[in-house]
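Residue numbers (my numbering), protein chains in the order written: chain A, 909 to 1056; chain C, 1048 to 1711; chain B, 703 to 807. Glycine included, C-beta positions come from ideal geometry on N, C-alpha and C. Quick caveat, the model's predicted, so the values are computed rather than measured. Below is one structure, written out as structure tokens, with a few remarks after it.
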Amino acid sequence: MSETPAPAPEQPAKGFRHIRLVIALAVASLLGTFAVYTAFADTSIPVLGIAQASTGYDGKEVRLEGRVTKATGDAADPQGLRFTVRDFEKNTTIDVVYRGSVPDAFRVGREVVIDGRLQGATLQATPDTLVTKCPSKYQEGQTTTDAA
Amino acid sequence: MALVGQGALILAFALAVYATGAAVTAGTGRDRRFLISARHALWAILGLVILADVIFIRAIFAHDFSFTTVAATTSRALPDFYLFTSWWGSQAGSLLLWTTILMVCTIIVVRSTRRALGELQPWLIAVLGAIAGFFLLLLIVPASPFQTQIAPSDGQGLNPALQNPYMATHPPTLYIGYVAIAIPFALAMAAMIAGRGDARWVVASRRWTLIAWGFLGIGMLLGSHWAYQEVGWGGYWAWDPVENAALMPWLVATAFLHSVMVQERKGMLKVWNIALVSGAFALSIFGTFITRSGILSSVHAFVSTSIGWYFMVALAVIIAGSTAVILWRLPLLRADQRIESLVSREATFLFNNLLLVGIAFAVLWGVVYPLVTEALGSVRETVSSPFYEFFVIIFGLPLLLLMGIGPLIAWRRASLKQLKRSFLWPLAAGLITGGVLVVVGLGSSWPGVVALSVCAFVTVTILSEYIRGAAARRSIAGEGWLTAVWRLTDRNRRRYGGYIVHLSIVVFVIGAVGSTAYETREVGLLQKGDTMQVGAYTLTFQGVQPSQGPNYTQRAAVIDVAKGGEPYKQMLPARRNYPREQTTSNEVAIDTTLTGGDLFLILDGIRADGAVQIKAFYKPVILLLWLSGFLFTGGLLLCVWPDARESRRIVRRYAEEPIPGEAR
Amino acid sequence: MIEILALGVLAIVVVVAVAWPLVRPATPEDTLDASTEAQRRRLQLREDRDVALEALKELELDHATHHVGDEDYRELVAQYRARAAAAIRALDEELGTAPAGDRQP
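Shown next as structure tokens:
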């Protein structure tokens, strides 16, 4: 250290003057992207019970939660798997037409979550969005889904 | 025995409360006796928790169905391997494992920092004791592994979706990650409460952060691979709340790993770092809350609604507490220096942090959106993949770019002339890659093309770093190339280990982009002898093959696969029936080709007439996704590996100043 | 019954292990020292010194790998050395004024 030329003392205030401005701009643009996207891109869908969905959502895309009361057909057929979901508390039902992969746990009596578009009293399901929950005696157990 | 187990946990909880109180007394009253007593209490808690583990596991293997949890998740027919993994297959059991890991980590950090951070010990024990107490409370009240009932003749068995070798690795790996992030948080809080503004806690927490971050990353990758194979759908990431629960703390921890480097070099971002480490821990607890409370619909959910309240209170305490501590010690956390130039590595780390936190925030928003919309009185709304993918692309691509720019820029200030030279080859590689992709016809997905071009840019940057570093060594020390690379890496482990981790991210991105943007998907209904085409592969259905397993019966579709006309191999996608658990499962057939792509077959259904519904995918280069994990682990090991030279330096620095602690 | 007995024994053992350090009265040696203001200052100076020295080492690597040009290199070397020197000088001053028992021999 003895042979260093007269060392210039460090000015503590030295620094990129505009760094705070740059950071503020960066944060603002991140938040701005966020705000613009959430405001204009229509990416969220309502999650509804069957009773809620039966009025006011015709033609809209929704996610339904309910219990399967009957099911016929095959999801692989052109006509699809046709099943009925009932509200957890009330007696309202909606019919669902579904094509795509059927989760392993699916059967009458199970709770399901399904996405689709409501047309009258029928939900035209989006393929591969069927999620089934398997209840157990002591606590609700694992859910299984088939979504590609 | 259940009574002993429950009693042990209650005793452990009491000890945790005591340890916290004794440690606080030691800290405020400066009484070593209370500190020693608190340490004894920690050891006792560890012993009691291990006792609880032993009792619980013994009950599992003895098929003691008087334990409610054992009856709910095992059966007599369950193979031994899955009997063991059922330890964490339930809410209560997994919390027990969590607490065990927490106590082991606690003991390790308390012992290892005794001398170096003696002054912090009381507060360290207090914070960790409080965290342990919280989890023990969960184990006593809402989620007891020792709840009893009249034993049924057989248990309900383990959900077939969980009967997969990954059940042995994915949850414990994640738990280690989630738990270990508590240690840097505790060290930070202890340093602040003790009024120490120096970087000692940062140095001590570095390995813990790396380990937590590494285990979270590997845990997520293991889960991805499992989801890819097991659940019957061709997807390794679904933006499911539980998946996001691990991603968020991981992203924040990534930011923290970078920003501490700025603190170490320039004494800046001290407040930001404490906030980040607190945020990572809070997100870890929040993630656990999401996973276990059942408040959000998920593929993975354990469901038990009362436990959610406990987590919400804990989260509030953590956020309020860490904020209070930061505000209290704000004077200690003044920056020593400033950023001097936008073209400096500090600046790139700053932007890297903003982007990482930005992605984490976007993911968080997506996760809580249903809760927020519901709380605001209107209908619950949810977002899905497109939302998350947008932000990952918009924030992730610049982040990827920074990964390539950062290494080219020196600390403090980069010389623009040098920069232009350094940029040349990587930029060329990126542009050429982009051009080639478009020309070859793969320009259909612009994010894909951009991502792959940036990957080329980053790869060439990293390679050039190694080459330049080795060349510098050679010109000084005259070593051979291999020796030079080895010594270079050995002496600058964090830097060059970090480059390997970056390379693993690049490999991951290539695999992810290739397998999603350029995937082929076909669905077919096949009678015996029928064929279907997937990309270059021809699939011929030869019939159904029945077979038997230890607790299931199986029906497989025999598919002869030909590639370009030549016979390739036979694949057996199947469906299994588990009589005891009263459920079926889908066993997919995956063939990984030499080029790293996957031929992925799902047997969607077997019709009465013997026809099968087959869903087939070809996913190019998806192997890279999984291989990136090995590269990631390698780079991480390099960064984490004890460095004798560095340790000596650190020990010397802090030993020069006889900072008090206790010699014992 | 035996379970309750086992728990009781466990509880007693644990309480003894935990209370044992508290049984004896406090001695002056039991006082946990906190770092003094002077010690913290010196620790900060040592960190400043080491950070500057490590920055020098990193600068060498950056210069050898052509991330930093010759001009910038000379300027930064001078700065880092100055910083290290300042920290060492300040440290020496501090140690010069510190009471004898505080210093490492």
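- By the C-beta criterion, the region 1679-1697 of chain C is judged to be in contact with the region 1256-1271 of chain C, since at least 3 inter-stretch pairs fall below 8 Å.
- DSSP places C:P1219 in the helix class (H, G or I) of the three-state scheme.
- In the same chain as A:Q1032, and ignoring 5 residues on each side of it, the C-beta atoms closer than 7 Å to its own belong to V1005, G1024 and R1025, in chain order.
- Between C:T1640 and C:L1646, the CB-CB gap stays under 8 Å.
- If you look at C:N1624, you'll find it in the beta strand (DSSP E) that goes A1621 to Y1625.
- Near chain A, meaning a CB-to-CB distance below 7 Å, the residues of the region 1606-1634 of chain C are T1630, T1631, S1632 and N1633.
- Cα atoms of C:G1527 and C:V1687: separation of roughly 26 Å, rounded to the nearest angstrom.
- Per DSSP, C:N1633 is one residue of the beta strand (DSSP E) stretching across T1630 to E1634.
- Excluding residues up to 5 positions away in sequence, I1102 lie with their Cβ nearer than 7 Å to the Cβ of C:V1051 in the same chain.
- In terms of CA proximity to C:T1508, C:W1472 leads the group C:W1472, C:R1700 and C:S1431.
- A Cβ of chain C is located within less than 8 Å of the beta carbon of A:F942.
- C:S1200 is positioned such that its CB atom lies no closer than 8 Å to that of C:A1139.
- Proximity of B:E795 to chain C, defined by a Cβ-Cβ separation below 8 Å, is not satisfied.
- Secondary structure of C:S1594 (DSSP, three-state): strand.
- Taking 8 Å as the threshold, the shortest C-beta distance from C:M1048 to chain B falls below it.
- In the three-state reduction of the DSSP assignment, C:A1604 falls in the strand class.
- Nearest Cα to C:R1696 within the set B:I714, B:E705, B:D752 and B:Q746: B:D752.
- Here the region 1118-1126 of chain C lies against the region 1588-1601 of chain C, with 3 or more beta-carbon pairs under 8 Å apart.
- Proximity to B:H769 across C:E1311, C:I1456 and C:A1251 peaks at C:I1456, based on C-alpha coordinates.
- The beta carbon of C:Q1601 sits closer than 8 Å to those of P1593, S1594, Q1595, A1621, R1622, R1623, N1624 and E1634, all from its chain and outside the five residues before and after it, given in chain order.
- Relative to the Cα of C:L1268, the nearest Cα in the group C:G1413, C:F1588, C:W1255 and C:Y1283 belongs to C:Y1283.
- If the five residues before and after C:H1549 are omitted, its C-beta is found closer than 7 Å to the C-beta atoms of M1450, V1505 and I1509, all from its own chain and listed in chain order.
- In chain order, T951 make up the part of chain A whose C-beta sits under 7 Å from the C-beta of C:F1434.
- Per the C-alpha coordinates, the member of C:W1412, C:E1421 and C:Q1194 positioned closest to A:Y945 is C:W1412.
- Judged by DSSP in its simplified three-state form, C:F1664 adopts strand.
- Counted as a single uninterrupted DSSP element, the alpha helix (DSSP H) harbouring A:Y945 occupies residues I927 to F948.
- Per DSSP, A:V1016 is not a residue of any alpha helix (DSSP H), being assigned neither H nor E.
- At least one C-beta of chain B is nearer than 8 Å to the C-beta of C:K1464.
- Non-local C-beta neighbours of C:H1217 in its own chain, meaning closer than 7 Å and more than five positions away in sequence, comprise G1266, L1269, G1270 and W1273, ordered along the chain.
- Excluding the 5 residues flanking it on each side, C:L1183 has same chain C-beta neighbours closer than 7 Å at L1056, A1059, F1060, A1063 and T1146, in chain order.
- Residue-level contact by beta carbon holds for C:I1386 and chain A, with a gap shorter than 8 Å.
- Shown here, C:S1369 sits in a helix according to DSSP, grouped into three states.
- Going by DSSP, C:L1379 is part of no alpha helix (DSSP H) at all; its letter is neither H nor E.
- With respect to C:T1195, C:A1292 sits apart: the two C-beta atoms are not nearer than 8 Å.
- Closest option to C:G1355, judged by alpha-carbon separation, among C:D1111, C:I1148 and C:L1343: C:L1343.
- Looking at the DSSP output, A:E997 bridges to nothing.
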